[in-house]
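Let me begin by presenting the structure, written as structure tokens, before commenting on it.
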Amino acid sequence: MRLHVSCLMCLSIILLNCFQAYARESVVLSGQEVTEFLADRTMTVTEVEPDQKTGEIYSFKAYFSQLGGIRAVRSDGETFQYEWEIGDNGTLCLTNYTRYSGRLCGFVVVYKDAGFVVQKHQDEYKFYMNDRGNTSATLQDDKVVFNPSWRHFFSFSDVQQGEKL
4 MRLHVSCLMC LSIILLNCFQ AYARESVVLS GQEVTEFLAD RTMTVTEVEP
54 DQKTGEIYSF KAYFSQLGGI RAVRSDGETF QYEWEIGDNG TLCLTNYTRY
104 SGRLCGFVVV YKDAGFVVQK HQDEYKFYMN DRGNTSATLQ DDKVVFNPSW
154 RHFFSFSDVQ QGEKL
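The sequence shown maps to residues 4 to 168 in the numbering used here.
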């Protein structure tokens, strides 16, 4: 009987840890948090949807300066210049984003591990746009609340401190 109870306890603990390992919490970053995440960092930015004309998924390495400029380099060596700014509710707006009418605004969301299980991967940072592509969002306690209907537009990866282009 003790053996059965011990086995059942072990199985319960294993199952509980498995569910916690996959539990993820999404948090919309505030303006200050977005600034701290981007300023003086180099990262790879990968768009989620392929280009409608070429079918290519665009990815580029970008350096976000503290002064609001972005220098970007695609894998083929082509370079781009953008500007970034943070809106009142924490929206990230990119200017000179030529593929999307010159200006693109949305929200930076971080997916953090929830629970007590230590994960091997780092937090994931993603950029989402609402259905209208503007800066409006639902607020709760003066903080933007994630809306599952938002469209995941691009992801940030390989984040490094300083300029690494």
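All C-beta atoms in this analysis are idealised placements derived from N, C-alpha and C, irrespective of residue type, glycine included.
With distance defined between alpha-carbon atoms, name the residue in the options nearest to residue i.
i, options, result
"Phe156", "Gln35, Asn150, Trp87, Gly109", "Gly109"
"Gln84", "Asp161, Lys146, Arg106", "Arg106"
"Val64", "Thr47, Ser139, Asp144", "Checking the sequence shown, residue 64 turns out to be Lys, not Val. For the residues Thr47, Ser139, Asp144, the minimum Cα distance to Lys64 belongs to Thr47."
"Leu142", "Lys115, Glu50, Asp91", "Asp91"
"Arg154", "Gly72, Ala140, Lys146, Phe130", "Phe130"
"Cys59", "Trp87, Glu50, Tyr66", "Sequence check: residue 59 is Glu here, not Cys. Checking every option, the nearest Cα to that of Glu59 belongs to Glu50."
"Val185", "Ser160, Trp87, Ser62, Tyr114", "Here the chain has residues from 4 to 168 only, and residue 185 is not among them."
"Trp87", "Tyr114, Val37, Asp54", "Val37"
"Val31", "Val111, Met132, Pro53", "Val111"
"Asn137", "Lys146, Cys96, Gln163", "Cys96"
Here's the rule I'm using: 16 or more other beta-carbon atoms within 10 Å means buried, otherwise exposed. How should residue i be labelled?
i, result
"Lys167", "exposed"
"Lys56", "exposed"
"Val148", "exposed"
"Gly80", "exposed"
"Gly93", "buried"
"Leu70", "exposed"
"Arg44", "buried"
"Gln122", "Only weak support is given to the placement of Gln122: the predicted model assigns it a pLDDT of 43, under 50, and the question is left unresolved by the model."
Hey, quick one: how far does the beta strand (DSSP E) through residue i stretch, first residue to last?
i, result
"Gly72", "72-77"
"Lys129", "127-132"
"Ser160", "154-164"
TODO: Note down, one range per segment and in chain order, each beta strand (DSSP E) of at least 3 residues found wholly within the region 30-106.
DONE: 44-50, 62-67, 72-77, 82-89, 95-100
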